[in-house]
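Protein chains in written order, with the numbering used here: chain H, 1 to 433; chain S, 1 to 152. Cβ atoms here follow ideal geometry from the backbone N, Cα and C, with glycine treated the same way. Every value quoted in this text rests on a predicted model; they were computed, and no experiment measured them. What follows is a single structure, written as structure tokens, with notes after it.
See below:
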């Protein structure tokens, strides 16, 4: 598919200069990337670039919207403990109370965000390949508007790569990027989106025309001295689509327990971490979170519930005396993987609120035994506390919670991101946050 | 004295649009750059440069070498190009897991074995090249059968 710059170019250039009158040369040899004749792939042209551009227009719009939804799902405006971007200013203009229905909402939006993002990587790479000659176009600026457009393209290309790279690294737990993932990916998305909207507004009409057009191609992307083709345009698109399909089928399974083994390379693909009722996927193990068995034992562990009626301390046997309820909910991670619905059993959050004086459930601050980790404390909104499916779970799939799933007690809330389903809960403070 | 040539302004609509875009980008950018502005700038610009000046020339050169190596059998290039491109794509996307550079953190955080990724990538690569080889042989045989028999 690819005919681009080559290392042999300099050699060819010198050879060409040594024999300026060579009769074999009917046209000038490719010189530097700044010469249009340097770019020889017969595939490049407005049609291919436009098709790829339109796919990205749709795909990246979905990525941006699902990203904004994921941001809202954390309820960052509820409490500082949920807010990793306190200086967001106007960028949080659209925030709303994240609902609890349907209970698979976050599983869907975030699964789409990550899986679609990974699937679009070949399209992004092909699009960048198709327009790379433009990077070297001379003169650098034909007009002020053109000069600004080129600066904007740096934000567009740099922004796209920044967003894809930080996302892909984060889901693989490779935290090499310069700072915390949340602000980088969120503010980076806005920088990128600003350039993306301008680019889409300037280019989409022409792209639509180019795709409809069946005439022979012309324009600055078309090589003036094309090499003999080794693949058709449709063949090249087929390779890009094949790459996307391969990534999709080896990733999507990490969002469904029965298909997990088909996700051959995705971080939460393959086999489950263990067998049995508590064998499903784990975000952070007890060992990773620094939880010791001596602080979760029946003698040591107490749940502290604080509200306007005072403070209540409950041991696990005392908790088991409260009315227990069941609900079927998934774990859905910001990293894009999720489990199918698991059968949780425990005490309703609203019953715990009532225990400390709230018949009308308020917000709650949940604190874990975890000593480190961005979400060892998390806030839930009143609508999440009030939902009858929201539990302080003590059992899962008919057995006691395993240490890795939050023993002695964990929160489960419908449609909430995984990290708000706090594990190893130590303290719950009900009331205005 | 000759007047210095001024850059023409260009489309006013385009200027307005880009002005809006830059204002929004700057608003978000100021927040993006608060933590480690140099590191972030390096990643932002570096990602574009690394892609355009290293990754793209690298795979373009590999592909050119492949086409050259095929000589007069240019029509057979696809049988190597497609599985190689797909395999390298998987390696590019899942490099942290396949290379094992996050193996320790991955195993301790998720409770999953970190060593299966390289094996699975190698098996996928083998399947891609193997499938391509089977397709090549089948097509070659069909082409041979369809060719008119040579006289003895």
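Check whether the Cβ atoms of residue i and residue j lie closer than 9 Å to each other.
i: residue 43 of chain H; j: residue 130 of chain H; result: yes
i: residue 334 of chain H; j: residue 417 of chain H; result: yes
i: residue 280 of chain H; j: residue 339 of chain H; result: yes
i: residue 156 of chain H; j: residue 147 of chain H; result: no
i: residue 31 of chain S; j: residue 187 of chain H; result: yes
i: residue 426 of chain H; j: residue 337 of chain H; result: no
i: residue 274 of chain H; j: residue 402 of chain H; result: yes
i: residue 36 of chain H; j: residue 224 of chain H; result: yes
i: residue 32 of chain H; j: residue 221 of chain H; result: no
i: residue 251 of chain H; j: residue 118 of chain H; result: yes
i: residue 284 of chain H; j: residue 109 of chain S; result: yes
i: residue 20 of chain S; j: residue 206 of chain H; result: no
i: residue 103 of chain H; j: residue 330 of chain H; result: yes
i: residue 379 of chain H; j: residue 180 of chain H; result: no
Mapping DSSP to helix, strand and coil, what is residue i?
i: residue 50 of chain H; result: helix
i: residue 111 of chain H; result: helix
i: residue 103 of chain H; result: coil
i: residue 143 of chain S; result: helix
i: residue 321 of chain H; result: helix
i: residue 343 of chain H; result: strand
i: residue 395 of chain H; result: strand
i: residue 164 of chain H; result: helix
i: residue 431 of chain H; result: coil
i: residue 78 of chain H; result: coil
i: residue 413 of chain H; result: coil
i: residue 124 of chain S; result: helix
i: residue 66 of chain H; result: helix
i: residue 108 of chain S; result: helix
i: residue 243 of chain H; result: helix
i: residue 131 of chain H; result: helix
i: residue 99 of chain S; result: helix
i: residue 400 of chain H; result: strand
i: residue 371 of chain H; result: coil
i: residue 380 of chain H; result: strand
i: residue 238 of chain H; result: helix
i: residue 308 of chain H; result: coil
i: residue 26 of chain S; result: helix
i: residue 24 of chain H; result: Confidence in residue 24 of chain H is poor, its pLDDT being 45 and thus under 50, which makes the residue's placement too unreliable to answer from.
Taking residue i as the query, report the chain H residues whose CB atoms sit under 9 Å from its CB, ordered along the chain.
i: residue 110 of chain S; result: 173, 267, 268, 273, 281, 282, 283, 284, 285, 288
i: residue 39 of chain S; result: 177, 178, 179
i: residue 44 of chain S; result: 154, 155, 158, 159, 161, 162, 188, 191
Restricting to Cα atoms, I'd like to know which of the options is closest to residue i.
i: residue 128 of chain S; options: S/53, S/87, S/114, S/144; result: S/87
i: residue 316 of chain H; options: H/296, H/221, H/325, H/356; result: H/296
i: residue 61 of chain H; options: H/37, H/120, H/212; result: H/120
i: residue 108 of chain H; options: H/171, H/70, H/208, H/139; result: H/70
i: residue 123 of chain H; options: H/55, H/149, H/96, H/303; result: H/55
i: residue 110 of chain H; options: H/243, H/293, H/171, H/291; result: H/171
i: residue 67 of chain H; options: H/183, H/144, H/356, H/274; result: H/183
i: residue 258 of chain H; options: H/402, H/270, H/373, H/210; result: H/270
i: residue 322 of chain H; options: H/397, H/354, H/266; result: H/354
i: residue 200 of chain H; options: S/10, S/11, S/18; result: S/18
i: residue 83 of chain H; options: H/376, H/412, H/407, H/410; result: H/376
i: residue 11 of chain S; options: H/144, H/192, H/343; result: H/144
i: residue 478 of chain H; options: H/381, H/408, H/415, H/395; result: As shown, chain H starts at 1 and ends at 433. That puts residue 478 of chain H outside it, with no answer to give.
i: residue 125 of chain S; options: S/114, S/136, S/81; result: S/81
i: residue 111 of chain S; options: H/113, H/239, H/278; result: H/278
i: residue 256 of chain H; options: H/305, H/341, H/412; result: H/341
i: residue 228 of chain H; options: S/77, S/23, S/33; result: S/77
i: residue 34 of chain H; options: H/254, H/132, H/366; result: H/132
Since residue i meets chain H, which of its residues come closer than 8 Å, beta carbon to beta carbon?
i: residue 106 of chain S; result: 172, 173, 267
i: residue 117 of chain S; result: 265
i: residue 96 of chain S; result: 169, 172, 173, 174
Starting from the beta carbon of residue i, find every residue of chain S whose beta carbon is closer than 7 Å, and list them in chain order.
i: residue 404 of chain H; result: 111
i: residue 191 of chain H; result: 25, 28, 29, 32
i: residue 68 of chain H; result: Under the 7 Å cutoff, chain S gives no residues; its nearest Cβ is about 13 Å from residue 68 of chain H.
i: residue 143 of chain H; result: 7, 8, 9, 10
i: residue 146 of chain H; result: 10
Output, in chain order, the set of chain S residues within a Cβ distance shorter than 8 Å of residue i.
i: residue 195 of chain H; result: 21, 25
i: residue 122 of chain H; result: 89
Can you name the residues of chain H whose CB is closer than 7 Å to the CB of residue i?
i: residue 17 of chain S; result: 198, 201, 202
i: residue 47 of chain S; result: 158, 161, 162, 165
List the residues of chain A that residue i touches, going by C-beta distances under 7 Å, in chain order.
i: residue 51 of chain S; result: Note that chain A does not occur in the displayed structure, where the protein chains are H and S.
Check whether the stretch 57 to 75 of chain S and the stretch 118 to 125 of chain S are in contact - that is, three or more C-beta pairs closer than 8 Å. no
Cβ pair count under 8 Å reaching 3, the stretch 422 to 431 of chain H against the stretch 3 to 17 of chain S: no
Any contact between the stretch 334 to 348 of chain H and the stretch 387 to 400 of chain H? By contact I mean 3 or more CB pairs, one from each, below 8 Å. yes
Is there contact here, the stretch 76 to 90 of chain H with the stretch 156 to 169 of chain H, by at least three beta-carbon pairs under 8 Å? no
Could you tell me whether the stretch 124 to 143 of chain S touches the stretch 303 to 312 of chain H, where touching means 3 or more Cβ pairs closer than 8 Å? no
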